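A.B. asks:
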Amino acid sequence: MSDPKRPEDLANPPGVEFVARDPNSPAFWDERFERGFTPWDQAGVPAAFKTFAARHPQLAVLIPGCGNAWEALWLAREGRQVQAIDFSPAAVANARAQLGAYAQVVEQADFFAWQPPQPPGWIYERAFLCALPLARRNDYAQRMAELLPAGALLAGFYFLGKTSKGPPFGIERAELDALLSPSFELLEDEPVSDSIEVFQGRERWLTWRRRAGR
Ligand SMILES: C[S@@+](CC[C@H](N)C(=O)[O-])C[C@H]1O[C@@H](n2cnc3c(N)ncnc32)[C@H](O)[C@@H]1O
């Protein structure tokens, strides 16, 4: 068996048989959550996330593709306004169990169809864009632009560079810039010090501000 820490092997590891092969379907993620195979999971809250959240205490946060919802739990405990969504019933069950008294902050929903009760001030990205098939990248940019009003922020961790297969699907930096720049202005671009092994050296903290118009 090859090294299971290769990003390419994260969701489809060699030697492990999964039935569901399409990351665009909830069944793909259900199978992995149900079998306890979640190698993307940080099992905690990344430092850059906490720093950013502390600098923007007033922002209502949306977390699409929240998985086990570590960050949503942290925000809820801080008394912050947070909404987390995931389209996988198994992920939502995990998230609700972990959120306990705050279980209502997570909803089972498809990011591309879900309508927020009110516009978020910040959408948090971690291991969501890289979980999507390449064909959905334009949809991601368009949906982010639709959900965020002018001046609101899209901020989090982006998994950069090419991968031969996925998920996670790495994105070349130039492609990411071309994808988001029409609707967003890049404000912050920082290295990440506490990546888990599979993302190490390949992720950056990026903060994008929604432009007016488009
Ligand atoms: C690689 S996991 C990352 C989970 C979490 N963000 C984390 O950092 O641990 C990707 C998650 O996105 C969810 N997901 C994928 N496509 C989605 C969609 N269209 N709508 C909502 N959730 C989606 C999956 O169910 C899965 O929980």
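Heads up, the sequence shown is in our numbering, so the first residue is 2 and it goes up one at a time. All residues carry an ideal CB built from backbone N, CA and C; glycine is no exception. Keep in mind it's a predicted model, so treat the numbers as computed, not measured.
Measuring CA to CA, which of Arg-212, Phe-129 and Trp-71 is closest to Asn-25?
C.D. replies: Closest by alpha carbon: Phe-129.
A.B. asks: Look at the Cβ atom of Phe-200, then the Cβ atom of Phe-160, and state whether they are nearer than 8 Å.
C.D. replies: The answer is yes: Cβ separation under 8 Å.
A.B. asks: Under three-state DSSP, which class holds Ala-213?
C.D. replies: Correct three-state label for Ala-213: coil.
A.B. asks: Can you tell me whether DSSP reads Ala-142 as helix, strand or coil?
C.D. replies: Residue state, collapsed to three classes: helix.
A.B. asks: Grouping DSSP H, G and I as helix and E and B as strand, with all else coil, what is Gln-109?
C.D. replies: Note: Gln-109 maps to strand in three-state DSSP.
A.B. asks: If you measure from each residue's Cβ to the nearest non-hydrogen atom of ligand 1, which ones come out under 5 Å, in chain order?
C.D. replies: Counting every residue whose Cβ lies closer than 5 Å to a heavy atom of ligand 1, we get Trp-30, Trp-41, Asp-42, Gly-66, Gly-68, Asp-87, Phe-88, Ser-89, Ala-92, Asp-111, Phe-112, Arg-127, Ala-128 and Ala-132.
A.B. asks: Spatial neighbours of Pro-120 within its chain, please: C-beta separation below 6 Å, excluding the five flanking residues on both sides.
C.D. replies: Closer than 6 Å at Cβ, skipping near neighbours: Pro-150.
A.B. asks: From the DSSP secondary-structure annotation, give me the bridge partner or partners of Trp-123.
C.D. replies: Bridge partners of Trp-123: Val-62 and Leu-154.
A.B. asks: Apply the 10 Å Cβ neighbour rule to Ser-184 and answer buried if 16 or more other Cβ atoms are within range, or exposed otherwise.
C.D. replies: So Ser-184 ends up on the buried side.
A.B. asks: How would you label Ala-92, buried or exposed, when you count the other beta carbons within 10 angstroms and need 16 or more for buried?
C.D. replies: Under this definition Ala-92 is a buried residue.
A.B. asks: Check each candidate in Leu-100, Pro-65, Pro-40 and Gln-99 and name the one with the smallest Cα separation from Leu-133.
C.D. replies: With distances taken between Cα atoms, Leu-133 lies closest to Pro-65.
A.B. asks: Measuring CB atoms only, is the region 135-152 touching the region 35-51, in the sense that at least three cross pairs come out at less than 8 Å?
C.D. replies: Output reads no: the region 35-51 does not touch the region 135-152.
A.B. asks: How about Trp-75 and Leu-154: do their beta carbons lie closer than 8 Å?
C.D. replies: Taking 8 Å as the Cβ cut-off, Trp-75 and Leu-154 do not qualify as a contacting pair.
A.B. asks: If you compare alpha carbons, which of Gln-43, Ala-55, Phe-88 and Lys-166 is closest to Trp-123?
C.D. replies: Of Gln-43, Ala-55, Phe-88 and Lys-166, the residue nearest in Cα terms is Ala-55.
A.B. asks: Measuring CA to CA, which of Ala-73, Gly-45, Gly-37 and Arg-212 is closest to Ser-196?
C.D. replies: Measuring from the Cα of Ser-196, the nearest candidate turns out to be Gly-45.
A.B. asks: Going straight from the alpha carbon of Arg-177 to that of Gly-152, what length do you get?
C.D. replies: In the sequence as presented, Arg is not what sits at residue 177; that position holds Leu. Looking at the two C-alpha atoms, the distance is approximately 20 Å.
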